[in-house]
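**Q**
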Amino acid sequence: MKKFEYKKVSFCDLTDGYHSQLDVKHLNQLGQDGWELVTAVNGECIFKRQITVVKGYEFKLYYGGELVKTIQYNGGMLSALKTARRILNRRKYMCVGIYKDGKWIKEYKLAGDQLLCSPYPRYKGAIHDESENY
3 MKKFEYKKVS FCDLTDGYHS QLDVKHLNQL GQDGWELVTA VNGECIFKRQ
53 ITVVKGYEFK LYYGGELVKT IQYNGGMLSA LKTARRILNR RKYMCVGIYK
103 DGKWIKEYKL AGDQLLCSPY PRYKGAIHDE SENY
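Numbering of the sequence shown is given in the numbering used here, commencing with residue 3 and proceeding in unit increments.
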């Protein structure tokens, strides 16, 4: 089954600044990163790209609700969870989503002085099956 991730980008962030037309340079850069423009609605452009499922653990690191970095991890479950918690940093990564063989299993995030564990993915970029209805 194919899996996709989605990304919202403000229309203003994709314009050349002087005209309210999309800047092809921005679109080409997103295209080179694998993002495909799906639609533009209410001043936002929605992009999607297919996810290659990686065997083992994968950490998706977020800051301000945006995906910043993805790290591959080979090791056991407890070791993966401990490593994910250690990665969190208020200046770089406020949230880490943990995936096993391409499926979401857990999410940790910093909230003030607390470390919270989420029962479901909250941030953009979480993997969704194409067959699921939202």
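Glycine included, each C-beta is placed from N, C-alpha and C at the ideal position.
In its own chain, which residues sit with a C-beta less than 6 Å from the C-beta of residue 118, not counting the 5 before and 5 after it?
**A** Translated into positions along the sequence shown, residue 118 becomes position 116. Here the set comprises 111.
**Q** Can you give me the C-alpha to C-alpha distance between residue 82 and residue 116, rounded to a whole angstrom?
**A** The sequence position of residue 82 within the sequence shown is 80, counting from 1. The sequence position of residue 116 within the sequence shown is 114, counting from 1. Approximately 20 Å, taken between the alpha carbons.
**Q** I'd like the list of long-range same chain contacts for residue 85, defined as Cβ closer than 7 Å, with 5 residues on each side in sequence excluded.
**A** Here the question's residue 85 lines up with position 83 in the sequence shown. Counting only Cβ-Cβ distances below 7 Å, and skipping sequence neighbours, we find 75.
**Q** How about residue 61 and residue 100: are their beta carbons less than 8 Å apart?
**A** By 1-based counting over the sequence shown, the position of residue 61 is 59. By 1-based counting over the sequence shown, the position of residue 100 is 98. For residue 61 and residue 100, yes; Cβs fall inside 8 Å.
**Q** CA-CA distance, residue 109 and residue 50?
**A** In the sequence shown, counting from the first residue as 1, residue 109 sits at position 107. In the sequence shown, counting from the first residue as 1, residue 50 sits at position 48. Taking the straight line from one Cα to the other gives about 22 Å.
**Q** My output table needs one value for residue 44: the three-state DSSP class, helix, strand or coil.
**A** Here residue 44 corresponds to residue number 42 of the sequence shown, with the count starting at 1. Residue 44 falls in the coil class under three-state DSSP.
**Q** Of all the options 42, 31, 68 and 78, which has the alpha carbon lying nearest to the alpha carbon of residue 57?
**A** Within the sequence shown, the letter at position 55 stands for residue 57. Among 42, 31, 68 and 78, the Cα nearest to that of residue 57 belongs to 78.
**Q** So, does the segment 62-74 touch the segment 90-99, judging by three or more C-beta pairs under 8 Å?
**A** Touching, per the Cβ criterion.
**Q** Three-state secondary structure (DSSP) at residue 137?
**A** Nothing about residue 137 can be read from this structure; the chain reaches only from 3 to 136.
**Q** Tell me which residues share the same chain as residue 93 and place their Cβ nearer than 8 Å to its Cβ, disregarding the 5 neighbours each side in the sequence.
**A** The residue given as residue 93 occupies position 91 in the sequence shown. Cβ neighbours of residue 93 beyond the five flanking positions: none.
**Q** Return the chain-ordered list of same chain residues with a C-beta closer than 8 Å to the C-beta of residue 65, the five sequence neighbours on each side being excluded.
**A** Residue 65 sits at position 63 when you count from the first residue of the sequence shown. 94, 95, 96 and 97, listed in sequence order.
**Q** If you reduce the DSSP assignment to three classes, tell me which class residue 90 lands in.
**A** Counting from one through the sequence shown, the residue named residue 90 turns up at place 88. Residue 90 falls in the coil class under three-state DSSP.
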